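Each position in the sequence shown, counted from 1, maps to that position plus 8 in this note's numbering.
Worksheet for the structure shown next.
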Amino acid sequence: MKKIAIISGSTHVSLAEQIAKKLGIELTSRNITVFANGEIDAEITETVSGSEVFIIQTSITGNVNDNFVESLLLIDAAKRARAIKVYLVQTIFPYQRQDRREANKKGRPKRKSVSAKVIANCYQKAVGVDGVVVVKLHSDQIEGFFDNHCIVENIDPAKLFINYLKDNNIIRADYNGGKAPIMVAPDVGSAKSTDDFSYLLNLEYVLLNKRRVKAGESEVLHIVGDYRDRDCIIYDDMIDTGGTVLKALEKLKDAKNEGAKDVYLMAPHGIFSKDAIDKLGKSYLKKIVITDSIDNPAVLAYPDKFDVIPLAPLLSSVIKNIHDLESLQSLVHHHEG
9 MKKIAIISGS
19 THVSLAEQIA
29 KKLGIELTSR
39 NITVFANGEI
49 DAEITETVSG
59 SEVFIIQTSI
69 TGNVNDNFVE
79 SLLLIDAAKR
89 ARAIKVYLVQ
99 TIFPYQRQDR
109 REANKKGRPK
119 RKSVSAKVIA
129 NCYQKAVGVD
139 GVVVVKLHSD
149 QIEGFFDNHC
159 IVENIDPAKL
169 FINYLKDNNI
179 IRADYNGGKA
189 PIMVAPDVGS
199 AKSTDDFSYL
209 LNLEYVLLNK
219 RRVKAGESEV
229 LHIVGDYRDR
239 DCIIYDDMID
249 TGGTVLKALE
259 KLKDAKNEGA
269 KDVYLMAPHG
279 IFSKDAIDKL
289 GKSYLKKIVI
299 TDSIDNPAVL
309 AYPDKFDVIP
319 LAPLLSSVIK
329 NIHDLESLQS
339 LVHHHEG
């Protein structure tokens, strides 16, 4: 009987420990050393021969490239140690927003790298990973960057957020004559995931028409749909600098328009570049709800604003089902009743 071995990268040891605990096993020991010149050395210090290895890793702002190289080296080490199969459980896929050669607005020819494809090639062709488990890819097309001998499980944690909304009485059966909350798509790119999420909750949604001024900076022009005097739920795949959300919040809470009531921000990934945590923590947002796909201890400074949904129960079940060759459908699909 093949065994499961859980190896933690250096990026999110607490998540790896929680996953191993849920599976009733200990983490497999390893040593990760950074030499004086910045090179990384990865060594697995106990046997994984004959095991299915799951490497738990994320991608931390400011260390994305080191995290990526570390992942490659851990996969290679497990392969060379005669693991039967090696899976990378990477809660945030690096370079995922660079998934196409986007047309240049200034009319220049497309000369950009499709970086997400380069990352996929490195994982499957450089070190031969057998599968990648990711949480909520920025775009589903990235799954097609992998060949069919390398499985990609793109885990959508929408079910966790739906449970949160119901448990906290934000979504309920009866609004006592008031209006049900409304979903808000912060830009056109997020409309599809907002539409999917609102369908699961049987809610309407409004769209923010946004024009990007330059990388990392945008301007909300207007809101398409009726959001006034309603609780608003913004659901996106990630929060980076928070600039788009804060501009949206200004529009939604505009007193002249008799704006929205409480505004909730929900996203699987809290990247929180620059001073995003402080800006969001001091904002008029009612709650910012994320998962622990990245370890963000800084959110503890605003305990009334940030709620963090743990991923370990879901990911441990995904790992078990992959190991047991079971379907993942019941784990990620929301069913009413």
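From the three backbone atoms N, C-alpha and C, an ideal C-beta is built for every residue, glycine too.
Since this is a predicted model, take the numbers as computed values, not measurements.
Roughly how many angstroms separate the alpha carbons of ASP195 and LEU215, rounded to a whole number?
7 Å
Just to confirm, does PRO318 get its C-beta within under 8 Å of one of the non-hydrogen atoms of the ligand NAD?
Absence of the ligand NAD from the depicted structure is noted, as is the absence of any ligand whatsoever, leaving it without description.
By alpha-carbon positions, which one of PRO311, GLY185, ALA284, ALA320 ends up nearest to SER301?
ALA320
For a test of the three-state rule: what should DSSP assign to VAL192, helix, strand or coil?
strand
Candidates GLU110, PHE153, ILE241: which alpha carbon is nearest ILE179's?
ILE241
Exposed or buried, PHE101, counting other C-beta atoms within 10 Å across all chains shown (16 or more means buried)?
buried
Just confirm the distance between the C-beta atoms of GLY289 and ALA309, as a whole number of angstroms; I'd bet it's less than 8 Å.
7 Å
From ASN304 to LYS269, what does the alpha carbon distance come to, in whole angstroms?
28 Å
Which of the three DSSP states, helix, strand or coil, is assigned to ARG88?
helix
Where does ALA181 fall in DSSP's three states?
coil
When the Cα atoms are used, what is the spatial distance from ASN329 to SER335?
7 Å
Nearest-angstrom beta carbon gap, GLY17 and ILE63 [assumed within contact, 8 Å]
6 Å
Work out the CA separation of GLU258 and MET191 for me, nearest whole Å.
16 Å
Using CA coordinates, which residue listed in LYS120, TYR272, HIS230, LYS144 is at the minimum distance from CYS176?
One point to set straight first is that residue 176 is Asn, not Cys, in the sequence displayed. Of the candidates LYS120, TYR272, HIS230, LYS144, the one whose C-alpha sits nearest the C-alpha of ASN176 is TYR272.
From this set, GLY233, ILE170, SER198, which residue's C-alpha is nearest TYR213's C-alpha?
GLY233
3 or more residues per run - each beta strand (DSSP E) lying fully within the region 29 to 87
38 to 42, 48 to 52, 59 to 65
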